[in-house]
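So the protein sequences, as listed, match chains B and C.
Each residue of the first sequence is one higher than the one before, counting from 1 in our numbering.
Each residue of the second sequence is one higher than the one before, counting from 193 in our numbering.
As structure tokens, the structure follows; a few thoughts come after it.
2 protein chains.
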Amino acid sequence: MFEAFRKYLSGKGTFTTHDYELIESVLTFKKLRKRQYFLQAGDVCQFHTFVSKGFLRYYYVDEKGQEHIMQFAPENYWTGDRESMYLGLPSKYNIDAVEDSEILLLKKEDHDIMCKTIPAFNDFVSETLKKNAAVLHERIRISISLSAEEKYSYFISKYPSISNRVPLHMIASYLGVSAETLSRVRSQSVKK
Amino acid sequence: MFEAFRKYLSGKGTFTTHDYELIESVLTFKKLRKRQYFLQAGDVCQFHTFVSKGFLRYYYVDEKGQEHIMQFAPENYWTGDRESMYLGLPSKYNIDAVEDSEILLLKKEDHDIMCKTIPAFNDFVSETLKKNAAVLHERIRISISLSAEEKYSYFISKYPSISNRVPLHMIASYLGVSAETLSRVRSQSVKK
DNA sequence: GGCTTCTCTTGACAAATGTCAAGACTTTTT
DNA sequence: AAAAAGTCTTGACATTTGTCAAGAGAAGCC
Numbered sequence: 001m002f003e004a005f006r007k008y009l010s011g012k013g014t015f016t017t018h019d020y021e022l023i024e025s026v027l028t029f030k031k032l033r034k035r036q037y038f039l040q041a042g043d044v045c046q047f048h049t050f051v052s053k054g055f056l057r058y059y060y061v062d063e064k065g066q067e068h069i070m071q072f073a074p075e076n077y078w079t080g081d082r083e084s085m086y087l088g089l090p091s092k093y094n095i096d097a098v099e100d101s102e103i104l105l106l107k108k109e110d111h112d113i114m115c116k117t118i119p120a121f122n123d124f125v126s127e128t129l130k131k132n133a134a135v136l137h138e139r140i141r142i143s144i145s146l147s148a149e150e151k152y153s154y155f156i157s158k159y160p161s162i163s164n165r166v167p168l169h170m171i172a173s174y175l176g177v178s179a180e181t182l183s184r185v186r187s188q189s190v191k192k
Numbered sequence: 193m194f195e196a197f198r199k200y201l202s203g204k205g206t207f208t209t210h211d212y213e214l215i216e217s218v219l220t221f222k223k224l225r226k227r228q229y230f231l232q233a234g235d236v237c238q239f240h241t242f243v244s245k246g247f248l249r250y251y252y253v254d255e256k257g258q259e260h261i262m263q264f265a266p267e268n269y270w271t272g273d274r275e276s277m278y279l280g281l282p283s284k285y286n287i288d289a290v291e292d293s294e295i296l297l298l299k300k301e302d303h304d305i306m307c308k309t310i311p312a313f314n315d316f317v318s319e320t321l322k323k324n325a326a327v328l329h330e331r332i333r334i335s336i337s338l339s340a341e342e343k344y345s346y347f348i349s350k351y352p353s354i355s356n357r358v359p360l361h362m363i364a365s366y367l368g369v370s371a372e373t374l375s376r377v378r379s380q381s382v383k384k
């Protein structure tokens with residue numbers, strides 16, 4: 001149940017057996033079927049969520065009913081709407097399972113306690129936040145400066161394992177491009 | 193020299209006179225003329241930078257010579273390339289002054305020391321990081337889901353004070369839209 | 001096995017956006 | 001005061017991207 005998590009965490013810092021046990025004691029294990037929601041717009045996000053198996057997506061649905069994927073979360077990724085969680089406000093976002101998945105839930109309060117009681121965990125969290133900010137920053141750069149074709153080739157070179165795991169229309173949604181355009185862009189680049 | 197900074201910081205937490213003095217003792221004051229670079233692509237970013245007066249921009253120049261603005265930094269904003277700073281690698285970005293400005297520089301090492309010795313400063317920093325992440329996240333949402341017109345109206349409603357302080361082409365560059373398109377979009381929306 | 005749903009592609013066309021160039025106006029520099 | 005540089009707008013046109021619709025194939029479901 002926690003093997004994947006332990007393995008993940010051991011790569012992120014130095015934790016004692018006691019640390020692992022403490023953290024695991026406040027984690028909740030949950031299985032999700034493909035297409036099952038974990039969070040729906042309007043819910044308040046309660047948990048930091050670690051994906052130990054499978055694949056989630058975090059997305060926004062606009063007034064026209066279009067989905068816009070904010071994040072892909074395969075194994076060893078964290079997801080959840082931090083803003084909703086911190087402010088206690090309903091989320092604008094949805095999270096659901098792209099594949100059958102297994103996730104670990106960590107309540108906001110417990111997360112804060114872990115940060116306070118386990119220095120290594122606190123360091124890991126702030127390190128993760130920094131890295132995450134760098135990823136968001138880079139995504140903005142891509143988003144404002146590249147064409148559809150360039151975005152696509154950037155994506156497949158940066159996330160090859162995601163590229164061949166999700167349908168093309170989800171990549172399109174992530175990149176802010178229509179699925180048809182991406183299909184054409186890809187068939188063009190094959191020719192080259 | 194530090195009045196603006198003190199005023200800013202006092203709104204962000206509870207600091208003793210001693211805390212202020214300690215922080216100020218490691219700050220470097222610097223004036224920038226309009227158009228003066230503070231960071232050029234290829235430099236390693238050394239400082240956390242607080243804008244106490246004026247206006248900076250943080251931008252990327254692509255192979256075609258096009259500028260893409262990643263961040264506007266008016267008074268009371270922090271700027272700098274964190275990634276370059278943390279990794280000690282040359283930055284891809286430029287920072288320069290849009291107006292004559294006054295900035296305060298805080299060396300990475302001193303910043304870390306402040307975080308360790310002044311708990312309130314540490315809290316302030318992590319709070320700022322969280323808020324910044326939320327801003328980046330929202331910008332991605334805007335960027336992948338809205339049209340040029342929607343992006344523009346979002347921008348002017350969210351950042352009215354920036355809108356009438358910078359030339360239109362910089363807003364265009366920030367939004368990832370051409371200056372001409374933005375000019376047209378704006379004249380359309382005036383008619384409504 | 002057969003039905004349904006998903007996924008991807010392709011065509012035809014529409015709409016949005018970019019590019020280039022020119023001109024008017026303002027601000028800055030000398 | 002004159003010159004230079006920057007800003008904004010507009011037109012004409014090209015290019016990119018989106019939309020709608022159809023169809024083929026694959027995957028999943030009962």
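Backbone N, C-alpha and C fix where the C-beta goes; we use that ideal spot for every residue, glycine too.
State the start and end residues of the unbroken alpha helix (DSSP H) segment that holds residue i.
i, result
"Met114 (chain B)", "Lys108 to Thr117"
"Lys158 (chain B)", "Ala148 to Lys158"
"Asp288 (chain C)", "Segment Tyr285 to Ala289 is the beta strand (DSSP E) holding Asp288 (chain C); no alpha helix (DSSP H) there."
"Arg274 (chain C)", "Arg274 to Leu279"
"Glu195 (chain C)", "Glu195 to Ser202"
Give a yes or no on whether 8 angstroms exceeds the smallest Cβ distance from residue i to chain B.
i, result
"His329 (chain C)", "yes"
"Asp254 (chain C)", "yes"
"Gly205 (chain C)", "no"
"Glu195 (chain C)", "no"
Do we get a CB-CB distance below 8 angstroms when we pair residue i with the residues of chain C?
i, result
"Arg186 (chain B)", "no"
"Met70 (chain B)", "yes"
"Tyr154 (chain B)", "no"
"Tyr86 (chain B)", "yes"
"Glu109 (chain B)", "no"
"Gly176 (chain B)", "yes"
"Glu83 (chain B)", "yes"
So for residue i, helix, strand or coil by DSSP?
i, result
"Phe72 (chain B)", "strand"
"Arg165 (chain B)", "coil"
"Glu102 (chain B)", "strand"
"Val369 (chain C)", "coil"
"Thr16 (chain B)", "coil"
"Asp235 (chain C)", "strand"
"Glu67 (chain B)", "strand"
Any chance the CB of residue i is under 7 angstroms from a heavy atom of the ligand FMN?
i, result
"Glu213 (chain C)", "This structure simply doesn't include the ligand FMN, nor any ligand for that matter."
In the DSSP assignment, find the unbroken beta strand (DSSP E) run with residue i in it and report its ends.
i, result
"Lys53 (chain B)", "Phe47 to Lys53"
"Lys31 (chain B)", "Leu27 to Leu32"
"Leu166 (chain C)", "Any question about residue 166 (chain C) goes unanswered here, given that chain C covers just 193 to 384."
Kindly indicate which residue of the options has the alpha-carbon position closest to the one of residue i.
i, options, result
"Asp302 (chain C)", "C:Lys199, C:Phe239, C:Ser276 and C:Tyr366", "C:Phe239"
"Ser370 (chain C)", "C:Ser349, C:Arg357 and C:Tyr344", "C:Tyr344"
"Tyr252 (chain C)", "C:Val243, C:Asn268, C:Thr241 and C:Asp273", "C:Asp273"
"Gly368 (chain C)", "B:Val166, B:Ala148 and B:Met70", "B:Ala148"
"Gly234 (chain C)", "C:Lys284, C:Asn314 and C:Arg249", "C:Lys284"
"Ser337 (chain C)", "B:Lys31, B:Lys64 and B:Phe2", "B:Lys64"
"Ile215 (chain C)", "C:Pro311, C:Glu372, C:Leu360 and C:Met306", "C:Met306"
"Pro359 (chain C)", "C:Thr208, C:Phe264, C:Tyr212 and C:Ser202", "C:Phe264"
"His68 (chain B)", "B:Ala120, B:Arg186, B:Met170 and B:Glu180", "B:Met170"
"Val327 (chain C)", "C:Ile310, C:Lys350 and C:Glu342", "C:Lys350"
"Asn356 (chain C)", "C:Phe247, C:Pro311 and C:Tyr212", "C:Phe247"
"Tyr86 (chain B)", "C:Lys323, C:Leu298, C:Pro266 and C:Glu213", "C:Lys323"
"Phe316 (chain C)", "C:Arg376, C:Asp211, C:Leu231 and C:Val377", "C:Asp211"
"Lys199 (chain C)", "C:Thr220, C:Arg225, C:Pro311 and C:Val243", "C:Val243"
"Gln258 (chain C)", "C:Ser379, C:Arg376 and C:Ala364", "C:Ala364"
"Ile250 (chain C)", "B:Arg141, B:Val185 and B:Tyr154", "For the record, residue 250 (chain C) in the displayed sequence is Tyr; it is not Ile. It is B:Arg141."
"Lys299 (chain C)", "C:Pro352, C:Asp288, C:Asn268 and C:Ser276", "C:Ser276"
"Arg186 (chain B)", "B:Leu89, B:Thr16, B:Glu150 and B:Asn76", "B:Glu150"
Residues within the segment 124-148 of chain B neighbouring chain C, beta-carbon criterion of under 8 angstroms: Ser126, Leu129, Lys130, Asn132, Ala133, Ala134, Leu136, His137, Arg139, Ile140, Arg141, Ser143, Ile144 and Ser145
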